[in-house]
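J.: Under our numbering, the first residue of the sequence shown carries the number 153, and numbering increases by one thereafter. Glycine included, C-beta positions come from ideal geometry on N, C-alpha and C. Below is a structure I'd like to ask you about.
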Amino acid sequence: YFIQIILLIDKIIIWIFILITLFNKSFYLNYYIKFELNLLNMINTDQVKVLTYINANEDLKKLFTYYINNCISLTNPYHNINHTFAMMYHICCIYEESQTDNYEFKLDNEGLYILLMSAIFHDFNHSAGKYDDITNINIAKDVMKNYIRTEFINDESCNHLIKIIGDNIDATCYPYMINDDDLNLYQRILRECDILVSFSSDYFTQCACGLKDEMRIHDWNKFLAEHIKFLLETWKNMKLSYSKKIIEENK
Numbered sequence: 153y154f155i156q157i158i159l160l161i162d163k164i165i166i167w168i169f170i171l172i173t174l175f176n177k178s179f180y181l182n183y184y185i186k187f188e189l190n191l192l193n194m195i196n197t198d199q200v201k202v203l204t205y206i207n208a209n210e211d212l213k214k215l216f217t218y219y220i221n222n223c224i225s226l227t228n229p230y231h232n233i234n235h236t237f238a239m240m241y242h243i244c245c246i247y248e249e250s251q252t253d254n255y256e257f258k259l260d261n262e263g264l265y266i267l268l269m270s271a272i273f274h275d276f277n278h279s280a281g282k283y284d285d286i287t288n289i290n291i292a293k294d295v296m297k298n299y300i301r302t303e304f305i306n307d308e309s310c311n312h313l314i315k316i317i318g319d320n321i322d323a324t325c326y327p328y329m330i331n332d333d334d335l336n337l338y339q340r341i342l343r344e345c346d347i348l349v350s351f352s353s354d355y356f357t358q359c360a361c362g363l364k365d366e367m368r369i370h371d372w373n374k375f376l377a378e379h380i381k382f383l384l385e386t387w388k389n390m391k392l393s394y395s396k397k398i399i400e401e402n403k
């Protein structure tokens, strides 16, 4: 019931915003009306699905507990626990779809495990706009390295895991350090899931308002002009069939 109440409040806020923008002649605000109307039917993050996969793996369960107890960015305006949950939700959905016949690739349990670990770590202790993203990424990777070296046997396999997760996290650094064509499968999944959170049903309060606050942009017109341009460009470049399906379903 609590989650349903939150989603209802979010939809009320969306409608208030739409009514306000009806009296504003700005191109971007009026464009955003259409965008927000679509959000009323967008994706509710299935946290039960995510937690089911986490609880099925002792290492993931331990890591998630560490994340809850130690991450200082859980309540950031945008890069927060909701963002992480939404990312993990899309990763789990991709994993499930990849188990079907004739899918473009097949993720095994190890792949799911690595991707969920990468999602949990990718914005760990995010500065919420205080530092640039390269600094945020390095903070997250330092936490990841220290955790893995403390909780796992510090051997070559440990270093290999650190390298894979570190490379995955690098794929989410914005402005992008890695060209889209140079992404491996894990990196592509993580990057696209990082953007697919824009289709969450709590988008306005979680993504739009939260990201605007973290970017320190006070002018809605300026923020929406930059944000809409970014979303349209990134959606256009998505290559996973799952991502394309989500975009098509929410046009």
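Tell me which same chain residues have a C-beta within less than 7 Å of the C-beta of ILE398, skipping the five on either side of it?
T.: Only LEU348, PHE351 meet the Cβ criterion.
J.: Within a Cβ cutoff of 7 Å, which residues of the same chain sit near LYS391, ignoring the five residues on either side of it in sequence?
T.: ARG340.
J.: Within this structure, are the beta carbons of ASN311 and HIS278 separated by less than 8 Å?
T.: Contact flag unset, no.
J.: The alpha helix (DSSP H) spanning VAL200 covers which residue range?
T.: Per DSSP, VAL200 belongs to the alpha helix (DSSP H) from 199 to 207.
J.: Mind checking whether LEU133 and ILE243 have CB atoms under 8 Å apart?
T.: Here the chain comprises residues numbered 153 to 403, so residue 133 is not present and cannot be evaluated.
J.: Is it right to say SER358 is buried, meaning 16 or more other beta carbons lie within 10 angstroms of its own, or is it exposed?
T.: A small correction: the amino acid at residue 358 is Gln; Ser does not occupy that position in the sequence shown. Counting Cβ neighbours within 10 Å, GLN358 comes out buried, since at least 16 surround it.
J.: Does the pairing of the segment 205 to 222 with the segment 358 to 369 give three or more beta-carbon distances under 8 Å?
T.: These segments do not touch.
J.: Can you say whether ASP322 is buried or exposed, counting buried as having 16 or more other CB atoms within 10 angstroms of its CB?
T.: The residue is buried, with at least 16 neighbouring Cβ atoms inside 10 Å.
J.: Taking the straight line between their C-alpha atoms, what separation do you get for ILE246 and ILE300?
T.: When rounded, the distance between both Cα atoms is 25 Å.
J.: In angstroms, rounded to a whole number, what distance separates the CA positions of ASP319 and TYR394?
T.: Using only the alpha carbons, I get a separation of about 22 Å.
J.: What residue from THR386, GLU210, ASN196 has the CA that sits closest to PHE304's CA?
T.: Out of THR386, GLU210, ASN196, GLU210 has the C-alpha closest to the C-alpha of PHE304.
J.: Out of HIS231, PHE257, CYS325, state which residue places its alpha-carbon closest to the alpha-carbon of GLU366.
T.: Of the listed residues, the one whose Cα sits closest to GLU366 is HIS231.
J.: Closest by CA to PHE276, which one among ASP284, ILE291, TYR265?
T.: Residue ILE291 is the option with its Cα nearest to PHE276.
J.: Mind pulling the alpha helix (DSSP H) runs of 4 or more residues that sit fully within the segment 319 to 351?
T.: Counting whole runs of 4 or more residues, the segment 319 to 351 contains the alpha helix (DSSP H) stretches 337 to 348.
J.: Taking the continuous alpha helix (DSSP H) assigned at PHE304, which residues delimit it?
T.: First-last for PHE304: undefined, no H or E at that position.
J.: Between which two residues does the alpha helix (DSSP H) holding PHE356 run?
T.: That residue, PHE356, is in no alpha helix (DSSP H); it is neither H nor E in DSSP.
J.: Please identify the residue among ASP253, THR236, LEU226, ALA280 whose C-alpha is closest to the C-alpha of LEU203.
T.: Looking at the Cα atoms, THR236 is the closest of the given residues.
J.: Counting only the same chain and skipping the five closest in sequence on each side, list residues whose C-beta sits under 6 Å from that of ASN288.
T.: If we look at ASN288 and ignore the five residues flanking it on each side, its Cβ neighbours are HIS278, SER279.
J.: What separation, rounded to the nearest whole angstrom, lies between the Cα atoms of PHE187 and GLU385?
T.: Caution is warranted here: a pLDDT of 46 is assigned to PHE187, below 50, making its placement in the model unreliable, and no coordinate value can be reported.
J.: Taking the alpha helix (DSSP H) that LYS364 belongs to, which residues open and close that run?
T.: Unbroken alpha helix (DSSP H) run through LYS364: 362 to 366.
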